[in-house]
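Report on the structure given below.
Structure, rendered in structure tokens:
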């Protein structure tokens, strides 16, 4: 993250003696990215964070990927996914994936196991309900419309705070953060950025749990492993640094508008390895007297475009079958645009009441079985109606 935080008890100087009430030393842990060359935080544990008692290979679920063949636009209805409610980690239903990113959906009703993703950062978007993100850094309450960025290898769990929580999960093969163009060379948000440090939330106090023989599920580059720790990882009395889980509400994204239609990059919220995340929020639209507010037909030749429809009224998609919870995939190799009649209906409109999360990937996305099980197979032909 671009700014420093200090939570709980830490000594005045790094890497110096910091003693517990019984005289023993707290165990210092440095979590850092890019081999000591990027953002990091120092955590102070009551017990050794290295003390594991066993390690077992596990296979929590299988993921199958199928190329988008024949090439066509797709529409998936996440609210029709089966499998029953479960937690926000093991209950993820994988929808779309490539070697850079994987998109999943979960209906969470129970706490997840303690979990560590050692492959890359995760972005969790809460469509409905609430979650409590508990980690070695503390707790962070998430509500409808919140994004949570969970850095690589942070031990955490996701606990529903409502009867159920619906979440979209974006798993990266590297790190996710604000676009570099929003930040100064020292990491401060610039004046043209659509959000800033005041909009971000991080853990506010330590989360201390006493327990022994605690299992932690680890997703890593060669599979899945369950580590059993001698003591609970949530034994951190304090930490400081620039690396920690943080939350940002889509409702705090300030849209950039103009006299004529603005392209998707003005909606960009995060960037990851070979993909970007954008937020479409309620906003005033184009105010040129001859403006056409809905998007023009477009073909982004370098990327696949995914839109998750999470609220409001998406005017350009009326007549396509898109509903709350829908996910559309418009692949490279296909020109897409507003539905028939949308251009004429939008003339003179002053504002759009829409809420959507977009993920653009720069390598083609494969289809996973859960997505195919809830595909609206008529979607690809909706532009031909009344053509």
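Residue numbers (full-length UniProt numbering): 1 to 387. Every residue gets a Cβ at the ideal spot worked out from N, C-alpha and C, and that includes glycine. From a predicted model like this one, the values you see are computed outputs, not experimental measurements.
1. CB residue 200 to CB residue 239, shorter than 9 angstroms?
2. Going by Cα to Cα distance, which pick from 164, 21, 334 is closest to residue 380?
3. When you compare the CB positions of residue 373 and residue 82, do they come within less than 9 angstroms of one another, or not?
4. Looking at residue 86: is its Cβ nearer than 9 angstroms to the Cβ of residue 106?
5. Taking 9 angstroms as the threshold (C-beta atoms), are residue 119 and residue 229 in contact?
6. When the distance is taken between beta carbons, is residue 277 closer than 9 angstroms to residue 270?
7. Report the rounded CA-to-CA distance for residue 13 versus residue 26, giving the unit in angstroms.
8. Quick one, which of 265, 59, 31, 205 has its alpha-carbon nearest residue 49's?
9. Where residue 371 and residue 250 are concerned, what is the direct C-alpha to C-alpha distance, given to the nearest angstrom?
10. What is the DSSP secondary structure of residue 38, counted as helix, strand or coil?
11. Assign residue 67 to one of two classes, buried (16 or more other C-beta atoms within 10 Å of its C-beta) or exposed (fewer than that).
12. May I ask which residues mark the beginning and end of the beta strand (DSSP E) holding residue 254?
13. Alpha carbon to alpha carbon, how far is residue 4 from residue 384?
14. To the nearest angstrom, how far is the alpha carbon of residue 7 from that of residue 378?
15. Let me know the beta strand (DSSP E) ranges lying completely inside the segment 271 to 317, each 3 residues or longer, listed in chain order.
16. Opposite residue 8 in the DSSP bridges: which residues?
17. Closest to residue 391 by C-alpha separation, out of 29, 340, 99, 113, would be which residue?
18. Who are the near neighbours of residue 19 in its chain, counting only those whose CB is closer than 8 angstroms to its CB and skipping five residues on each side?
19. Output the boundary residues of the alpha helix (DSSP H) element that contains residue 372.
20. Report yes if the CB atom of residue 104 is closer than 9 angstroms to the CB atom of residue 95, and no otherwise.
21. Measure the Cβ-Cβ separation of residue 248 and residue 149 and say whether it is below 9 angstroms.
For this structure:
1. The residue you call residue 200 lines up with position 200 of the chain shown. The residue you call residue 239 lines up with position 239 of the chain shown. Going by C-beta atoms, residue 200 is not nearer than 9 angstroms to residue 239.
2. For this step, residue 380 is matched to residue 380 along the chain shown. Ranking 164, 21, 334 by Cα distance to residue 380 puts 334 first.
3. By 1-based counting over the chain shown, the position of residue 373 is 373. By 1-based counting over the chain shown, the position of residue 82 is 82. In contact: residue 373 and residue 82 (Cβ atoms closer than 9 angstroms).
4. Numbered from its first residue, the chain shown carries residue 86 at position 86. Numbered from its first residue, the chain shown carries residue 106 at position 106. Taking a C-beta distance under 9 angstroms as the contact criterion, residue 86 and residue 106 qualify as a contact pair.
5. The residue labelled residue 229 in the question sits at position 229 within the chain shown. The residue labelled residue 119 in the question sits at position 119 within the chain shown. Not a contact, by the Cβ cut-off of 9 angstroms.
6. Within the chain shown, residue 270 is the residue found at index 270, counting from 1. Within the chain shown, residue 277 is the residue found at index 277, counting from 1. Taking C-beta atoms as the reference points, residue 270 and residue 277 count as a pair closer than 9 angstroms.
7. Position 13 of the chain shown holds residue 13. Position 26 of the chain shown holds residue 26. So the alpha carbons of these two residues sit roughly 14 angstroms apart.
8. Sequence index remark: in the chain shown, residue 49 carries index 49 (1-based). Closest by alpha carbon: 31.
9. Taking the first residue of the chain shown as 1, we reach residue 371 at position 371. Taking the first residue of the chain shown as 1, we reach residue 250 at position 250. CA-to-CA, the gap between residue 371 and residue 250 works out to about 25 angstroms.
10. Translated into the one-based positions of the chain shown, residue 38 becomes position 38. Correct three-state label for residue 38: coil.
11. As a first step, residue 67 is located in the chain shown; it is residue number 67 there, counting from the start. When all chains shown are included, residue 67 counts as exposed.
12. For the purposes of this step, residue 254 is taken as the residue at position 254 of the chain shown. From DSSP, residue 254 is part of no beta strand (DSSP E); its letter is neither H nor E.
13. Along the chain shown, read from residue 1 onward, the residue named residue 4 stands at position 4. Along the chain shown, read from residue 1 onward, the residue named residue 384 stands at position 384. Whole-angstrom Cα-Cα distance: 53 angstroms.
14. Looking up residue 7 in the chain shown gives position 7. Looking up residue 378 in the chain shown gives position 378. So the alpha carbons of these two residues sit roughly 52 angstroms apart.
15. 275 to 280, 304 to 312
16. For this step, residue 8 is matched to residue 8 along the chain shown. The partner list for residue 8 (beta bridge, DSSP) reads 238.
17. Outside the modelled stretch of the chain, which goes from 1 to 387, sits residue 391, for which no answer is possible.
18. Position 19 of the chain shown, counting from 1, holds the residue named residue 19. So the qualifying residues of the chain are 25, 26.
19. On the chain shown, residue 372 is found 372 positions in, with the first residue counted as 1. Run containing residue 372: 369 to 373, per the alpha helix (DSSP H) assignment.
20. Working through the chain shown from its first residue, we reach residue 104 at position 104. Working through the chain shown from its first residue, we reach residue 95 at position 95. Going by C-beta atoms, residue 104 is nearer than 9 angstroms to residue 95.
21. Here residue 248 refers to the residue found at position 248 of the chain shown. Here residue 149 refers to the residue found at position 149 of the chain shown. Contact: yes.
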